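A.B. asks: Chains as they are written, first to last, in our numbering: chain A, 11 to 89; chain B, 5 to 242.
Structure below; questions to follow.
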């Protein structure tokens, strides 16, 4: 089973990278891009075949290591 | 006193820490590899600066799970002194030994320069050699020093005098302009509720010798040593 995980800063947390990219897009004349936020994408393979167990494992990985839940949130897809 | 300096893969300020404690302050220093499960015989532990695990995933995120960190947590729980400098501070935050988290510097730049910090609380084992409100000139060198915590935790830190150092101007005024990295409330260093675990972004070990033109950092490290000596003498009497 493959897990695809997105880790992003929580709304309201300052994202200077996002701002820098927004300004760069603007200066390249892409005027309609706003509120750019930058996150991480992590992919991993799981040996687990049971969907419920796989989801529990991925959630635990996110909570413990992959995201700092003080400042980040996460979502994942299993397939 | 026997000072332990933890070495993670990627730590690079460990030798400077050893130099100051051993060669400037005349103490015994033990380098503690991150896989070491025991801190027995040590009087204080330093988590030095650097780039543990290359800052991969998040700075300090992987180092916090090193085997030695179990012992560091226990050491801290026993009320013993733990000082986290720069990456060490980041590791303490990720490990939950200090509250809050570090974000990328507001300017996105890695900032390497001297800063002024105000000693907000001179009643800790790390600052009792300082005067309350004293301004220290200490260098910083970091890309992720933008401290963040939620408003409730921040109010608690303020009420409980856990904010130990704030970035300030040369004359000690705390202004947003004096904050190099966007850190909340100009926080440059803070301690836990019990006051035995301190994390700070500036590098006191880089300014602890008169020959280098700045001894301000020595006050912090010498405070630790003097405090430990006092405790040992008191214990010997009992």
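Even for Gly, the Cβ is constructed at its ideal location relative to N, Cα and C.
These numbers come from a predicted model, not from an experiment.
Count the C-beta pairs between the region 168-185 of chain B and the region 110-126 of chain B that are closer than 8 Å, then say yes if the count reaches three, no if not.
C.D. replies: At 8 Å Cβ cutoff, the stretches touch.
A.B. asks: Here's the rule I'm using: 16 or more other beta-carbon atoms within 10 Å means buried, otherwise exposed. How should residue 83 (chain B) be labelled?
C.D. replies: The residue in question, residue 83 (chain B), is exposed, as its Cβ has fewer than 16 Cβ neighbours within 10 Å.
A.B. asks: So, helix, strand or coil for residue 72 (chain A), using DSSP?
C.D. replies: It is helical.
A.B. asks: Is it buried or exposed, residue 57 (chain A), if we count other Cβ atoms within 10 angstroms and call 16 or more buried?
C.D. replies: The residue in question, residue 57 (chain A), is exposed, as its Cβ has fewer than 16 Cβ neighbours within 10 Å.
A.B. asks: Who are residue 172 (chain B)'s beta bridge partners in DSSP?
C.D. replies: Per DSSP, B:120.
A.B. asks: Nearest chain B C-beta to residue 43 (chain A) closer than 8 Å, yes or no?
C.D. replies: No - not a single Cβ of chain B is within 8 Å of the one on residue 43 (chain A).
A.B. asks: Under 9 Å Cβ-Cβ, which residues of chain A neighbour residue 152 (chain B)?
C.D. replies: Per Cβ cutoff of 9 Å: 23, 24, 80 and 81.
A.B. asks: To which residues does DSSP link residue 38 (chain B) through a beta bridge?
C.D. replies: DSSP output for residue 38 (chain B) lists no bridge partner at all.
A.B. asks: Span of the alpha helix (DSSP H) holding residue 26 (chain A)?
C.D. replies: 26-37 is the span of the alpha helix (DSSP H), which, as asked, contains residue 26 (chain A).
A.B. asks: What are the uninterrupted segments assigned as beta strand (DSSP E) that are 3 or more residues long and contained completely in the region 163-241 of chain B, given in chain order?
C.D. replies: DSSP runs (the beta strand (DSSP E)) wholly in the region 163-241 of chain B: 167-172, 191-195 and 201-204.
A.B. asks: Closest Cβ-Cβ distance between residue 70 (chain A) and chain B: below 8 Å?
C.D. replies: With 8 Å as the cut-off, residue 70 (chain A) does not count as an interface residue toward chain B.
A.B. asks: With a threshold of 7 Å on Cβ separation, who are the neighbours of residue 35 (chain B) within its own chain once the five nearest residues in sequence on each side are excluded?
C.D. replies: Only 9, 11, 18 and 22 meet the Cβ criterion.
A.B. asks: Would you mind working out which of B:241, B:238 and B:222 sits nearest residue 30 (chain B), comparing C-alpha positions?
C.D. replies: Out of B:241, B:238 and B:222, B:222 has the C-alpha closest to the C-alpha of residue 30 (chain B).
A.B. asks: Give the straight-line distance between the Cα atoms of residue 198 (chain B) and residue 164 (chain B), rounded to the nearest whole angstrom.
C.D. replies: One C-alpha to the other measures close to 10 Å.
A.B. asks: Any beta carbon of chain A sitting closer than 8 Å to that of residue 135 (chain B)?
C.D. replies: No, residue 135 (chain B) lies away from the interface with chain A (no Cβ there is under 8 Å from its Cβ).
A.B. asks: Which residues bound the beta strand (DSSP E) around residue 75 (chain B)?
C.D. replies: Per DSSP, residue 75 (chain B) belongs to no beta strand (DSSP E); it is in the alpha helix (DSSP H), 72-81.
A.B. asks: Using a Cβ cut-off of 9 Å, which residues of the region 97-129 of chain B contact any Cβ in chain A, in chain order?
C.D. replies: Against chain A - using a Cβ distance shorter than 9 Å - the residues of the region 97-129 of chain B are 97, 98, 103, 104, 105, 106, 107, 108, 109, 110, 111 and 112.
A.B. asks: Listing by chain order, which chain B residues have their CB less than 8 Å from the CB of residue 30 (chain A)?
C.D. replies: Near residue 30 (chain A) (Cβ distances below 8 Å), the residues of chain B are 112.
A.B. asks: Taking the alpha carbon of residue 23 (chain A) as the point to measure from, which residue in A:54, A:81, A:88 and A:39 has its own alpha carbon closest?
C.D. replies: Comparing Cα-Cα distances from residue 23 (chain A) to each of A:54, A:81, A:88 and A:39, the minimum goes to A:81.
A.B. asks: What number of angstroms, rounded off, separates the C-alpha of residue 162 (chain B) from the C-alpha of residue 125 (chain B)?
C.D. replies: Each residue's Cα considered, the two are about 11 Å apart.
A.B. asks: Check the Cβ of residue 186 (chain B) against every Cβ in chain A and list those closer than 9 Å, keeping chain order.
C.D. replies: Result: 24 and 26.
A.B. asks: Cutting at 6 Å between CB atoms, please list the residues of its own chain near residue 143 (chain B), excluding the five before and the five after it.
C.D. replies: These residues qualify, in order along the chain: 118, 207 and 210.
A.B. asks: By Cβ distance below 8 Å, which residues in the same chain neighbour residue 153 (chain B) in space, the five residues on each side in sequence not counted?
C.D. replies: Excluding residues within five positions, the ones whose Cβ falls inside 8 Å are 103, 104, 105, 161 and 188.
A.B. asks: At a cut-off of 7 Å, is residue 6 (chain B) close to the ligand NAD when judged by its beta-carbon and the heavy atoms of the ligand?
C.D. replies: No copy of the ligand NAD occurs in the structure displayed, which carries no ligand at all.
A.B. asks: For residue 113 (chain B), which residues of its own chain have a beta-carbon under 8 Å away from its beta-carbon, when the five flanking residues on both sides are left out?
C.D. replies: Result list for residue 113 (chain B): 147, in chain order.
A.B. asks: Mind listing the chain A neighbours of residue 65 (chain B)? Cutoff is C-beta to C-beta under 8 Å, in chain order.
C.D. replies: Within 8 Å Cβ-Cβ: 75 and 78.
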